[in-house]
Amino acid sequence: MIPITIIGAGIAGLACARRLTQAGLAPIVLDKGRGIGGRVATRRVDAMQFDHGAQYVTAHTPSFAAVLEGLQTAGALGDWPDDDGRQRCVGRPGMSSLAKAMGQGLDIRQGVQVTGVTQTGAGWDLHLGQTLLQTKRVVITVPAPQVAGLLGADHPLTKAVSPVRMAPCLTLMAAVAAPSAFQSRQDRDDPLAWIAHDNSKPDRPQGTTLWVAQAGQGFSQQHLEQDPTAIAQLMLPLLCDRLGVTADDVVYAAAHRWRYARVTGALGHPFLSSIDGTLHLGGDWCIGARVEAAWQSGTAIADDILARV
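Numbered as in this note's numbering, the sequence shown ends at 309 without a single skipped number.
Following this line, the structure appears as C-alpha cells:
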C-alpha cells in the first residue's frame with residue numbers, strides 16, 4: 001500500500017510532494033494531463049510558445065520569496081519587469097519551467113485519471129478506471145468544483161468546499177507580423193482584461209511578435225461553452241483592435257478554455273482535512289487567486305501530515 005498519494009500535479013500538489021519528500025517520505029503524485037503545473041503552463045507550437053495560463057509570479061511572503069530565489073538561482077526563473085519597472089518573475093524559457101523545477105526528483109505519474117476516492121478500513125481506494133490503487137493517505141488538489149466528482153456529493157468535505165467560487169478564463173494565443181505596441185496591459189473593464197507581449201519575457205523565441213490575451217470574467221463566462229475555434233474568432237478582432245493591426249497581420253491564432261481559472265470566493269483556510277487526518281483537500285481556492293496561494297496551501301497540507309505521522 002502506498003503511504004501518501006497526491007491527486008493533481010499543479011503547484012499545490014507539487015509543493016506538498018516536495019515538502020514531504022524533503023522530510024524523508026515518499027509520496028506519489030497522480031495527474032491526468034501530459035504536463036505538470038496546472039495553470040502554470042506553456043503551449044508550444046512549432047517554433048512559437050505561449051504562456052497561456054499564469055502570466056508571472058510574485059511573492060508576498062518571505063517563505064515564498066525564498067522559493068522563488070532558489071528557482072532563480074537554479075535558472076528556472078527570470079525577471080520580467082513591467083512597463084513601470086515593477087518586478088515580476090517568469091519561468092525560463094517558459095512558465096512551465098517553474099513547475100518542472102518544482103517537480104524535479106518527485107514520483108509523478110502522468111496520464112492517470114482518478115475517477116473516485118473511497119475510504120476503506122485500511123486506508124483509501126483510488127479508482128483508476130477498471131483498477132484500484134490503495135493508499136494510506138490521500139491529498140486532493142483539484143479545483144474545488146471537481147471535488148464532488150471524486151468524493152461524492154454527500155461527503156462532509158464536499159459540503160465544506162461548496163462556498164468556494166471559481167470563474168473561467170478564455171485565453172487567445174496569437175502571432176502577429178507587426179511590431180509590439182506595448183509589453184503588457186491590464187484593464188479589468190475591457191473584454192480582454194489582460195494582454196501580454198509574450199516573447200518580451202526572457203529566453204523566449206524571437207521573430208514574429210507573440211501575444212497572449214486573456215478575457216475578463218464576464219466575457220469568459222458568456223462564451224465558455226463555445227469551442228476553441230469559435231472563441232478564437234471572437235477574441236481575435238478585439239486583440240487586433242487593441243494592437244492597431246489587421247487580420248492580415250495575424251499568422252497564427254488559437255484559443256484555450258480554462259474552466260476553473262480564477263478564485264472569486266476563497267475558502268479562507270489553507271486546507272481542509274478529514275477528522276482522522278488521512279484525507280486533505282487544498283489548492284489556490286483555499287486562499288486566493290495567486291500561484292503563491294497554491295504553494296501555501298500545498299505546503300500547509302504537508303506540514304499537517306508531518307505533524308501527524
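Don't be surprised by glycine CBs; every beta carbon is placed ideally from N, CA and C.
Bridge-paired residues (DSSP) for residue i
i: residue 209; result: 176
i: residue 79; result: 89
i: residue 273; result: 280
i: residue 254; result: 173
i: residue 124; result: 119, 135
i: residue 188; result: Residue 188 is not bridged to any residue.
i: residue 167; result: 262
i: residue 57; result: 89
i: residue 140; result: 7, 281
i: residue 214; result: 171, 194
Residue span of the beta strand (DSSP E) that contains residue i, given as start and end
i: residue 119; result: 116-119
i: residue 49; result: 48-50
i: residue 194; result: 192-197
i: residue 30; result: 28-31
i: residue 45; result: 43-45
i: residue 5; result: 2-7
Assigned exposure category for residue i - 16 Cβ within 10 Å defines buried
i: residue 135; result: buried
i: residue 161; result: buried
i: residue 313; result: Coverage of the chain is limited to positions 1 through 309, which leaves residue 313 absent and any answer about it impossible.
i: residue 264; result: exposed
i: residue 182; result: exposed
i: residue 87; result: exposed
i: residue 317; result: For the chain, the structure presents residues 1 to 309; residue 317 sits outside this window and is missing.
i: residue 109; result: exposed
i: residue 45; result: exposed
i: residue 143; result: buried
i: residue 309; result: exposed
i: residue 261; result: buried
i: residue 230; result: exposed
i: residue 209; result: buried
i: residue 198; result: buried
Range of the contiguous alpha helix (DSSP H) that encloses residue i
i: residue 217; result: 217-223
i: residue 159; result: 156-161
i: residue 97; result: 96-103
i: residue 67; result: 62-73
i: residue 237; result: 228-243
i: residue 109; result: Segment 107-110 is the beta strand (DSSP E) holding residue 109; no alpha helix (DSSP H) there.
i: residue 40; result: No alpha helix (DSSP H) contains residue 40, which DSSP labels as neither H nor E.
i: residue 21; result: 11-22
i: residue 150; result: 147-151
i: residue 249; result: No alpha helix (DSSP H) contains residue 249, which DSSP labels as neither H nor E.
Cβ separation of residue i and residue j, assumed to be a contact under 8 Å, to the nearest whole Å
i: residue 194; j: residue 186; result: 5 Å
i: residue 157; j: residue 147; result: 7 Å
i: residue 196; j: residue 176; result: The Cβ separation is near 13 Å, so there is no contact.
i: residue 128; j: residue 112; result: 6 Å
i: residue 11; j: residue 28; result: That belief does not hold up - the Cβ atoms of residue 11 and residue 28 are roughly 17 Å apart, past 8 Å.
i: residue 363; j: residue 124; result: Here the chain has residues from 1 to 309 only, and residue 363 is not among them.
i: residue 283; j: residue 274; result: Actually they are not in contact, since the Cβ atoms of residue 283 and residue 274 sit about 16 Å apart, beyond 8 Å.
i: residue 254; j: residue 235; result: Contact flag wrong, Cβ pair sits at about 10 Å.
i: residue 6; j: residue 17; result: 5 Å
i: residue 257; j: residue 237; result: Actually they do not touch by this definition, with Cβ atoms about 19 Å apart.
i: residue 36; j: residue 76; result: At roughly 13 Å, the Cβ-Cβ gap does not stay under 8 Å, so residue 36 and residue 76 are not in contact.
Closer than 7 Å to chain B by CB, residue i
i: residue 5; result: No chain B is present in this structure, which holds just one protein chain.
Note to self: With three or more C-beta pairs closer than 8 Å as the rule, is the stretch 101-116 touching the stretch 47-59?
What the structure shows: no
Closer than 8 Å is the cut-off here; do at least three beta carbon pairs connect the stretch 65-76 with the stretch 265-272? no
So, do the stretch 54-62 and the stretch 162-174 have three or more beta carbon pairs nearer to each other than 8 Å? Contact check between the stretch 54-62 and the stretch 162-174: fewer than three CB pairs, one atom from each, fall below 8 Å, which does not count as touching.
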